[in-house]
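Note sheet for the following structure.
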Amino acid sequence: MRFFRGKRSVVGCDLGRGAVKLVQLTLTSKGWKVAHADLHELSPESVDDDACPSPQAIQAAMQRAWIAGEPIAVGLQRRPAVVRHVELPPIPAREIREALRWEAKKATSLGVDDVIVDYLAGDVVGGDGERKMPVTMVAAERTAVEGEFRQYERAGLRVAAMDVNPVAFYHAVHRLGLDQTGGGCAALVDIGAGRMDVNIVKQGTLRFSRSIPMGGATFTQRLIQHFGIDVGQAEAIKREQGLSGKAKILEVLGPEVDRLIVEIQRSVDYYRAQSRDGVLERMLLAGGTPLMPGFVAYISSFFDAKVALFNPFEGMDYLTAGADLEQVAPRYVSSVGLALRGRA
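Take 110 as the starting number for the sequence shown in our numbering and just add one per residue.
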């Protein structure tokens with residue numbers, strides 16, 4: 110799914126509130142190889158009023174990573190896109206986009222010419238007379254997409270493709286076949302500094318996506334307020350102790366994690382009520398927040414599904430990109446997905 114045409118090789122660029130994550134992939138005779146993978150933590154002054162990194166911060170990160178001037182694939186940041194799952198009769202690819210323009214009009218309340226629409230089409234399912242094609246539609250306000258594109262260009266960045274983070278996560282999972290489910294569904298949960306995306310996949314198709322303005326930055330603020338410490342000390346507590354540390358820390362962070370769990374459960378319940386799908390079979394976690402010690406175990410205690418951190422580099426040659434890359438791999442999920450799409 111690309112709002113602009115992609116090129117043969119791009120840098121997947123995930124622009125989070127807390128960090129810029131860059132990944133460049135090459136396809137060799139033995140499979141995917143990670144040519145570059147860099148993570149640059151952001152200072153508060155490099156994040157604008159919309160909690161987005163400035164294009165200048167992205168350019169600086171690319172210069173430090175020695176990949177300045179390379180084309181990039183980025184996620185749409187400032188205006189959330191609408192993600193909808195629809196079912197269409199089996200129709201030619203050239204007719205899908207036209208059909209979705211009217212679906213997008215209903216979903217966004219914007220005119221058909223004011224929306225940019227893209228989609229992911231699944232395999233046709235059903236028997237004779239009931240054949241349906243599952244389609245994931247992404248619709249974004251045209252002025253928002255074009256505005257971001259121009260802003261990146263003014264900063265000297267070569268934008269080859271724009272996508273949305275839920276779709277990037279899906280592609281990182283799809284490469285490994287982890288979007289295939291039995292009778293139930295799987296949840297892909299990305300928890301960053303300022304936002305949590307809950308995505309549901311079933312039998313290879315992205316069926317549901319919801320974005321919630323909650324994330325690890327709230328944990329940091331709670332620690333600062335409760336213990337009277339600075340940002341660096343709060344981040345160190347999250348990184349070194351997390352939910353497996355002292356009881357006093359768990360008393361502060363536990364209620365915040367519980368709020369995330371409630372929103373995840375609400376999302377899953379809403380999807381299942383609408384689709385009448387089966388049980389939640391597994392949950393894959395991405396982002397920096399789930400890397401806190403004890404986080405996965407804490408979340409697992411609330412769900413019957415198998416809960417695990419997702420490594421988007423699995424099956425790739427990534428050792429030359431950094432010995433410690435696997436330890437922070439869940440933070441690179443969206444940038445890997447963007448890099449994969451940019452090469453398509």
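Glycine residues also receive a C-beta, built at the ideal position from the N, C-alpha and C atoms.
Contact check for residue 254 against residue 225 passes: the beta carbons are separated by less than 8 Å. Here the C-alpha atom of residue 412 lies approximately 10 Å from the C-alpha atom of residue 373. For residue 203, there is no enclosing beta strand (DSSP E); the enclosing alpha helix (DSSP H) has its first and last residue at 202-217. The C-beta distance from residue 422 to residue 395 rounds to 12 Å, too long to meet the 8 Å contact threshold. The continuous beta strand (DSSP E) containing residue 308 extends over residues 305-311. Counting every other CB atom within 10 Å of its CB across the protein chains shown gives residue 186 a total of 16 or more, marking it as buried. For residue 139, there is no enclosing alpha helix (DSSP H), as DSSP marks it with neither H nor E. Boundaries of the alpha helix (DSSP H) harbouring residue 372: 356-384, taken from the DSSP string.
A residue is called buried when at least 16 other Cβ atoms come within 10 angstroms of its Cβ; residue 316 meets this threshold and is buried.
Counting of Cβ neighbours within 10 angstroms places residue 388 among the exposed residues, the total staying below 16. With fewer than 16 other beta carbons inside 10 angstroms of its own, residue 349 counts as exposed. Contact between the segment 296-315 and the segment 269-279 is present: 3 or more CB-CB pairs across the two stretches fall below 8 Å.
Going by C-alpha positions, residue 358 is about 12 Å away from residue 334.
In this structure, DSSP gives residue 412 a state outside helix and strand, which the three-state scheme calls coil. In the structure shown, residue 336 falls within a helical segment according to DSSP collapsed to helix, strand and coil.
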